[in-house]
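Contents: one structure, followed by commentary.
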Amino acid sequence: MRAPMLFSSDYKSFYCQFSDPSYVKKLKLEMLTAIANESNTYEIVTELCEYAGNVDVPIARESIRAVGKIALQQYDVNAIVDRLLQFLEMDKDYVTAETLVLVKDLLRKYPQWSHDCIAVVGNISSKNIQEPKGKAALIWMLGEYSQDMHDAPYILENLVENWDEEHSPEVRLHLLTAVMKCFFKRPPETQKALGATLSAGLSDTQQDVHDRALFYYRLLQYNPNVAERVVNPPKQAVSVFADTQSSETKDRIFDEFNSLSVVYQKPSYMFTDREHREPFEYSEDLTSLTVGAEDPENVISAQRYQENDNDLLLSTSDKEDNGTRASNGSSTSAYNAPSDLISPSLISSQTPAETSLVNTGGPTHSSQSNFSLDDLLGIGVTEAPAPTPPALTLNSKPVLDPGTFQRKWGQLALALSQECSLSPQGAASLMNPQSLIRHMQSNYIQCIASGGQPPNYKFFFYAQKDGATAFFLVECIVNTASAKAQLKIKADDGTAAEAFSTLFQSALSKFGLS
Numbered sequence: 001m002r003a004p005m006l007f008s009s010d011y012k013s014f015y016c017q018f019s020d021p022s023y024v025k026k027l028k029l030e031m032l033t034a035i036a037n038e039s040n041t042y043e044i045v046t047e048l049c050e051y052a053g054n055v056d057v058p059i060a061r062e063s064i065r066a067v068g069k070i071a072l073q074q075y076d077v078n079a080i081v082d083r084l085l086q087f088l089e090m091d092k093d094y095v096t097a098e099t100l101v102l103v104k105d106l107l108r109k110y111p112q113w114s115h116d117c118i119a120v121v122g123n124i125s126s127k128n129i130q131e132p133k134g135k136a137a138l139i140w141m142l143g144e145y146s147q148d149m150h151d152a153p154y155i156l157e158n159l160v161e162n163w164d165e166e167h168s169p170e171v172r173l174h175l176l177t178a179v180m181k182c183f184f185k186r187p188p189e190t191q192k193a194l195g196a197t198l199s200a201g202l203s204d205t206q207q208d209v210h211d212r213a214l215f216y217y218r219l220l221q222y223n224p225n226v227a228e229r230v231v232n233p234p235k236q237a238v239s240v241f242a243d244t245q246s247s248e249t250k251d252r253i254f255d256e257f258n259s260l261s262v263v264y265q266k267p268s269y270m271f272t273d274r275e276h277r278e279p280f281e282y283s284e285d286l287t288s289l290t291v292g293a294e295d296p297e298n299v300i301s302a303q304r305y306q307e308n309d310n311d312l313l314l315s316t317s318d319k320e321d322n323g324t325r326a327s328n329g330s331s332t333s334a335y336n337a338p339s340d341l342i343s344p345s346l347i348s349s350q351t352p353a354e355t356s357l358v359n360t361g362g363p364t365h366s367s368q369s370n371f372s373l374d375d376l377l378g379i380g381v382t383e384a385p386a387p388t389p390p391a392l393t394l395n396s397k398p399v400l401d402p403g404t405f406q407r408k409w410g411q412l413a414l415a416l417s418q419e420c421s422l423s424p425q426g427a428a429s430l431m432n433p434q435s436l437i438r439h440m441q442s443n444y445i446q447c448i449a450s451g452g453q454p455p456n457y458k459f460f461f462y463a464q465k466d467g468a469t470a471f472f473l474v475e476c477i478v479n480t481a482s483a484k485a486q487l488k489i490k491a492d493d494g495t496a497a498e499a500f501s502t503l504f505q506s507a508l509s510k511f512g513l514s
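Under UniProt numbering, the letters of the sequence shown match residues 1 to 514, in that order.
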C-alpha cells in the first residue's frame with residue numbers, strides 16, 4: 001500500500017503516450033488504478049476515458065476496466081457512473097460489452113444507482129451485443145430490475161425465441177434465471193416466455209443448462225413460493241469482490257477450502273468464536289451410523305452393463321459357466337449377475353457413486369398438479385389418454401438368465417422398432433436407471449441390464465407371456481432431454497409382439513405420474 005501513496009501526487013507521469021508499447025501502456029493503466037484516491041480520481045478517470053476510444057482494442061478494454069475498478073474503490077462514484085454510462089453511447093461493440101459488465105458489478109455494490117443506470121441500459125438492443133459476457137450482463141439486469149424496465153419481459157421473450165441461435169451456455173444460463181426472476185415480478189407478461197424457456201432448457205444439449213432448467217422446473221412443481229425465495233431472494237449490496245481481495249486472503253481461504261470459508265469468502269477466524277477454533281477430533285467409532293439401506297426384498301437385482309450389442313452381456317466362457325450355475329440356482333424375480341460373470345468390456349462406465357445412486361424420494365405430487373403447471377406455463381403438453389390395455393397378460397415372476405437373454409437376442413428377428421414419448425414428469429423423474437426399473441418391475445417387466453448417463457440411458461428389459469414359455473425382449477434407449485424412447489422388440493411369439501408393445505408403452509407412459 002505504500003507505493004500508491006508515494007506516487008499518488010505524480011499520477012500524470014503514468015499517462016499513456018502514443019508511442020508507448022502496449023505492455024508499457026498496460027503497466028501504466030495498472031499504476032493509475034493503484035494510485036487513485038480521493039484527490040486525483042476525477043483527473044485519472046478523465047484520462048482513462050480518453051483511452052476508451054483507442055484504436056488499440058485491448059488497451060481500450062483495459063482502460064474501461066480500470067475505470068470500473070476505481071469506482072469499486074468508492075472514489076467519486078457519482079462522476080464515474082456518469083462516465084461509464086457515456087461509454088454506452090459510443091456505439092462500439094467491445095466498449096458496450098465491457099461497460100455492461102462493469103455496470104452490473106456497480107449495481108451489485110451500489111443498488112441506489114439502479115434507476116439512473118437502468119434508464120440508459122433499457123435503451124440498448126440485445127441484437128447489438130455480440131460478446132457473451134456483455135449479453136449475459138444485460139440479461140442479468142433485465143431479470144434483476146424487470147419491475148423498473150417496461151420492456152424487460154418482451155426483450156427476454158425475444159431472446160428466448162432465438163434460443164437455438166445463442167451458442168454461449170453462459171448466456172443461456174443467465175437467460176433461464178432472468179426469465180424466472182421476471183416471472184415472479186410480472187407474471188402475466190412473462191408466463192409464456194417462462195414456459196418456452198424451461199422447454200428449451202430441458203431440451204438443451206449442454207448439461208449445465210439442462211440441469212438448471214430441470215432444477216427450476218422441479219422447484220416450481222414443488223412450490224412456487226419456495227422457488228421465488230430460491231431464485232429471487234432479498235439481496236444485500238456486495239461489499240468486497242473476490243478479484244479485489246489480497247492474495248494472502250485468497251491463499252488462506254484456499255487452505256480452508258473444505259470449510260465455510262469458501263461460502264463466506266473469509267478465513268474461518270473472521271466468522272467463528274474463539275472457543276470453536278481448535279482442531280476438530282473425529283470419532284472413529286462408526287458402528288452407530290446407518291447407511292439407509294433398502295429392504296433386501298425391494299433392492300433391484302439388475303446390473304449395469306455397457307451398451308454393446310455384439311457382446312451384449314457375457315463372454316463365451318461366461319455363458320458356459322452361467323449355464324451350469326443357472327441350472328442349480330433358485331428362481332428370482334430378476335437376475336442378480338455376480339461381477340465375475342460380467343465381460344470386462346461390458347461393465348458400465350459409470351462411477352461407483354453413480355452406480356449406487358438411488359432416488360430416496362421426496363414430496364410427491366399428483367399428475368393433475370404436474371399437468372396444471374405445464375398448462376400454466378404454456379409448455380404445450382397435454383395429458384394423452386393412456387393406450388387401452390391389451391388382452392395380453394404377463395407372468396408376474398419371469399426367470400431369464402443373462403446367457404439365455406443374449407442367445408435369444410442374437411437369434412430372434414426384430415419384431416418391432418418404434419419411438420414413443422415419456423411424460424414431462426417421467427423425463428424429469430428419471431434421475432438414475434433404478435427409478436424406471438422399479439416402475440417397470442411393478443408391471444411385470446424385468447430389467448436385466450442398464451447403463452448410461454444423463455440425458456441418455458439404455459435398458460434391456462424382458463417379460464414372459466403368462467401361461468407360456470414365450471419371452472419378449474426389449475432394448476429401450478431413453479433421452480430425458482427430448483422425453484423420447486427408442487424401442488426394439490424381439491419375441492418368441494411374433495404374433496403377440498404388437499400387443500406386448502402396447503402394454504410396454506402403456507407402462508412407460510405412466511412413469512412419473514404417481
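All residues carry an ideal CB built from backbone N, CA and C; glycine is no exception.
- For a cut-off of 8 angstroms, the C-beta gap from residue 451 to residue 511 is around 18 angstroms, too long to register as a contact.
- Counting the other CB atoms within 10 Å of its CB gives residue 123 a total below 16, which places it among the exposed residues.
- Annotation for residue 471: the continuous beta strand (DSSP E) segment containing it runs 471-479.
- The beta carbon of residue 267 is closer than 8 angstroms to those of 249, 252, 253, 256, 261 in its chain, skipping five residues each way along the sequence.
- A straight-line Cα-Cα distance of about 33 angstroms links residue 106 and residue 218.
- Note that the stretch 458-473 does not touch the stretch 216-235; fewer than 3 beta-carbon pairs, one per stretch, sit closer than 8 angstroms.
- For residue 78, the enclosing alpha helix (DSSP H) stretches over residues 77-87.
- For residue 109, the closest C-alpha among the options 16, 259, 222, 241 is that of 241.
- For residue 23, the uninterrupted alpha helix (DSSP H) segment begins and ends at 22-35.
- If the five residues before and after residue 47 are omitted, its C-beta is found closer than 7 angstroms to the C-beta atoms of 15, all from its own chain and listed in chain order.
- In this structure, DSSP gives residue 217 a helical state, which the three-state scheme calls helix.
- Here the alpha carbon of residue 117 sits roughly 22 angstroms from the alpha carbon of residue 180.
- Three or more Cβ pairs closer than 8 angstroms define a contact, and the stretch 396-414 falls short of that threshold against the stretch 183-201.
- In the structure shown, residue 133 falls within a helical segment according to DSSP collapsed to helix, strand and coil.
- Residue 25 is positioned such that its CB atom lies closer than 7 angstroms to that of residue 59.
- Taking a 10 Å sphere around the C-beta of residue 405, we find 16 or more other C-beta atoms and assign the residue as buried.
- Here residue 513 carries a coil assignment [DSSP, helix/strand/coil].
- In the three-state scheme derived from DSSP, where H, G and I count as helix and E and B as strand, residue 456 is classed as strand.
- Judged by pairs of C-beta atoms under 8 angstroms, the stretch 498-512 touches the stretch 426-442, as three or more such pairs exist.
- The residues 203, in chain order, have a CB closer than 7 angstroms to that of residue 482 in the same chain once the five nearest residues on each side in sequence are set aside.
- When only Cα atoms are considered, residue 393 and residue 419 end up about 23 angstroms apart.
- Beyond the five residues adjoining it in sequence on each side, residue 214 comes within less than 7 angstroms, by CB distance, of 202, 428 in the same chain, given in chain order.
- Where residue 173 is concerned, the enclosing alpha helix (DSSP H) starts and stops at 169-185.
- Our two residues, residue 495 and residue 460, have alpha carbons roughly 21 angstroms apart in a direct line.
- If the five residues before and after residue 163 are omitted, its C-beta is found closer than 6 angstroms to the C-beta atoms of 200, all from its own chain and listed in chain order.
- Between residue 126 and residue 182, the C-beta gap is not smaller than 7 angstroms, which leaves the two residues out of contact.
- In this chain, residue 485 is not harboured by any alpha helix (DSSP H); it is covered by the beta strand (DSSP E) spanning 484-491.
- At the C-beta level, residue 95 and residue 87 come within 7 angstroms of one another.
- Secondary-structure assignment with DSSP links residue 461 through a beta bridge to 447, 474.
- Across the structure, residue 453 and residue 447 are spaced so that their CA atoms are roughly 17 angstroms apart.
- A direct Cα-to-Cα measurement between residue 120 and residue 142 gives close to 12 angstroms.
- If you draw a straight line from the Cα of residue 137 to the Cα of residue 57, it comes to about 20 angstroms.
- In the DSSP annotation of this structure, the continuous segment of the alpha helix (DSSP H) that includes residue 102 starts and ends at 93-109.
- Taken through DSSP and simplified to helix, strand or coil, residue 200 comes out as helix.
- In terms of CA proximity to residue 139, 170 leads the group 111, 115, 170.
- By the Cβ neighbour-count rule, residue 480 is buried, with 16 or more other Cβ atoms within 10 Å of its own.
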